[in-house]
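Numbering (our numbering), first residue to last: 8 to 309.
Here the structure comes first, spelled out in structure tokens, and everything after it is commentary.
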């Protein structure tokens, strides 16, 4: 299967540069695979698509401001996008323009944060050792920017507090994601209450969205592409509810591809969910047979 098989025309004017005025005001396309039907709808009616016996699974990761603008000791401007924390002070990151950030260069990101490039492999990947006082994430809250997707073509600093609030799910709890699990951005507290009132069980897992989620597919044969592993955490109550749903053949609905991948990875071998930490290591491609997830809510992906 070739990458070109997934090409489609998407006019620039249809890519919203600002979110809808209300989270639930987004358009929603319902795909009925059994009836081979497509239905245009609004997300505000999402709860009507659920059955009381369903289990809805959310990813409660919390995004941190992973994008940094800095100036090197030679005066060159640089942008750093944090990817993986390697130690208390060291991170793997994407840099641009990377050619300006040779090993040993010092970069300043404001009065409270600086860093030294300790590795530069030449293709935009760097490692940086930070110098800061206090809690690193508190420092990022002051100097970092919201990591907006690349198809949002505006300065990531222009949205301010609005972007910080809207690029976070209303149920976000555990900080660690470098990008939002975007399917969940449409939920409001009121919609979640509607879903619970209907009898649907809502459970949460935690998977910190990493670079693997949006790393470009570089091989023309998509079957040769592997999504980087990501770790997830599931508590005992969630595992018990999922196991009951599977044994009773109730529908499990995953909110987002990160949740889907975690659930399918957890069910890959024994089809039994266990509390604790696991690795979402599978790559789902056309023809994949789902073991646990019966329906998925996802955004259109560019």
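Virtual Cβ for every residue (Gly too), placed ideally from N, Cα, C.
Everything numeric in this text was worked out from a predicted model, so none of it was measured.
Nearest CA to the CA of residue i: which residue from the options?
i: residue 119; options: 198, 244, 299, 139; result: 139
i: residue 186; options: 71, 47, 10, 83; result: 71
i: residue 249; options: 289, 148, 265, 298; result: 298
i: residue 34; options: 43, 41, 22; result: 22
i: residue 170; options: 26, 12, 8, 141; result: 26
i: residue 109; options: 95, 89, 79; result: 79
i: residue 302; options: 65, 146, 15; result: 65
i: residue 97; options: 132, 137, 271, 225; result: 137
i: residue 75; options: 100, 28, 173; result: 100
i: residue 215; options: 179, 196, 231; result: 179
i: residue 130; options: 123, 106, 141; result: 106
i: residue 295; options: 305, 275, 304; result: 275
i: residue 148; options: 41, 116, 177, 125; result: 116
i: residue 87; options: 135, 44, 50, 43; result: 135
i: residue 55; options: 44, 244, 39, 201; result: 201
i: residue 95; options: 17, 42, 144; result: 144
i: residue 244; options: 234, 211, 254; result: 211
i: residue 24; options: 156, 293, 8, 254; result: 156
i: residue 49; options: 172, 38, 32, 111; result: 32
i: residue 28; options: 17, 51, 15, 43; result: 51
i: residue 8; options: 293, 93, 305; result: 293
Roughly how far, in whole angstroms, is the beta-carbon of residue i from the beta-carbon of residue j, given that I think they are within contact range, below 8 Å?
i: residue 47; j: residue 258; result: Rounded, the Cβ-Cβ distance is 22 Å, inconsistent with contact.
i: residue 291; j: residue 256; result: Residue 291 to residue 256, Cβ: 22 Å. No contact.
i: residue 13; j: residue 198; result: Actually they do not touch by this definition, with Cβ atoms about 30 Å apart.
i: residue 263; j: residue 184; result: Rounded, the Cβ-Cβ distance is 11 Å, inconsistent with contact.
Is the separation between the beta-carbon of residue i and that of residue j shorter than 7 Å?
i: residue 68; j: residue 181; result: yes
i: residue 277; j: residue 240; result: no
i: residue 10; j: residue 229; result: yes
i: residue 236; j: residue 152; result: no
i: residue 73; j: residue 154; result: yes
i: residue 207; j: residue 61; result: yes
i: residue 102; j: residue 133; result: yes
i: residue 282; j: residue 227; result: no
i: residue 252; j: residue 280; result: no
i: residue 114; j: residue 77; result: yes
i: residue 204; j: residue 177; result: no
i: residue 261; j: residue 300; result: yes
i: residue 231; j: residue 224; result: no
i: residue 36; j: residue 209; result: no
Does the beta-carbon of residue i have 16 or more other beta-carbons within 10 angstroms, so that it is buried, or is it exposed?
i: residue 222; result: exposed
i: residue 30; result: buried
i: residue 194; result: buried
i: residue 271; result: buried
i: residue 127; result: buried
i: residue 286; result: exposed
i: residue 81; result: exposed
i: residue 213; result: buried
i: residue 122; result: buried
i: residue 7; result: What is shown of the chain runs 8 to 309, which leaves residue 7 out entirely.
i: residue 158; result: exposed
i: residue 192; result: buried
i: residue 188; result: buried
i: residue 307; result: exposed
i: residue 45; result: exposed
i: residue 174; result: buried
Is residue i near the ligand SAH - that is, is its Cβ less than 6 Å away from at least one heavy atom of it?
i: residue 210; result: Summarising the ligand content, the structure contains no ligands, and the ligand SAH is consequently not present.
Original post:
What are the complete alpha helix (DSSP H) segments, minimum 4 residues, inside the region 168 to 241?
Top reply: Note on the region 168 to 241: whole alpha helix (DSSP H) runs with a minimum of 4 residues are 196 to 204, in chain order.
Original post:
Of all the beta strand (DSSP E) runs that stay within the bounds of the region 17 to 46, which reach a length of 3 or more residues?
Top reply: Listed in chain order, they are 34 to 39.
Subject >> Minimum length 3: unbroken beta strand (DSSP E) runs contained in the region 79 to 116 >> reply: Segments of the beta strand (DSSP E) lying fully in the region 79 to 116: 84 to 92, 97 to 103, 113 to 115.
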